[in-house]
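Asks: Okay, handing you the structure first.
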C-alpha cells in the first residue's frame, strides 16, 4: 500500500501541470497542418480504429508565453490484426499559444506536464471539426 506521504508518479505529474494551469491563459489555437489519405473504399467492414497523439511544450520566458504543439493521428485498419497497413489516415497538428502570468519556479517539465493534460483538451473541438 502506498504511503500517504508519497505521491504516485501520475499524481506528481498532474500537480506539476496544475501549478502551470493556475497562471496561464489560452490566447489562440490554430491548425498548423492537416493530412488525409484514403487508399480504398472498403464496404461492409467494421474497421479497427487506432489513435495516437503527442504534445510538446515550448516555453518562452522573455515573452511570458508558452506554445504547445499537439499532434493527433487517427488510422483505420480493415481488422484488428497487427497490420500497419491502414486504409485511411487523418493527421492534424495544432499550435496553442498561452500567456503566462509568472514563470517563477516553473521548468520545462512543468509545461510538458501541463501540455499532456491540456494540449489535447484545448484543441479537441478544432480537431473534431477537422475530422
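Numbering (the numbering used here), first residue to last: 1422 to 1552. Cβ coordinates follow ideal geometry from the N, Cα and C atoms, glycine included.
How is residue 1515 classed by DSSP in three states: helix, strand or coil?
Replies: When secondary structure is reduced to three states using DSSP, residue 1515 falls in the strand class.
Asks: Which two residues bound the contiguous beta strand (DSSP E) that contains residue 1525?
Replies: Where residue 1525 is concerned, there is no enclosing beta strand (DSSP E), given that its DSSP letter is neither H nor E.
Asks: Whole angstroms are fine: how far does the CA of residue 1533 sit from the CA of residue 1517?
Replies: 13 Å
Asks: By Cβ distance below 6 Å, which residues in the same chain neighbour residue 1470 in space, the five residues on each side in sequence not counted?
Replies: 1497
Asks: How many Å lie between residue 1539 and residue 1440 at the Cα?
Replies: 13 Å
Asks: Distance check for residue 1477 and residue 1458, CA to CA, integer angstroms please.
Replies: Between residue 1458 and residue 1477, the C-alpha separation is close to 25 Å.
Asks: Is the Cβ-Cβ distance between residue 1479 and residue 1488 less than 7 Å?
Replies: yes
Asks: When you compare only the Cα positions, how much space is there between residue 1508 and residue 1461?
Replies: Cα to Cα, residue 1508 sits roughly 6 Å from residue 1461.
Asks: When the distance is taken between beta carbons, is residue 1523 closer than 7 Å to residue 1444?
Replies: A Cβ-Cβ contact shorter than 7 Å links residue 1444 with residue 1523.
Asks: Any idea which residues DSSP pairs residue 1497 with across the strands?
Replies: 1470, 1509
Asks: Determine whether the beta carbon atoms of residue 1374 and residue 1447 lie at a separation below 7 Å.
Replies: Not covered by the structure: residue 1374. The range shown for the chain is 1422 to 1552.
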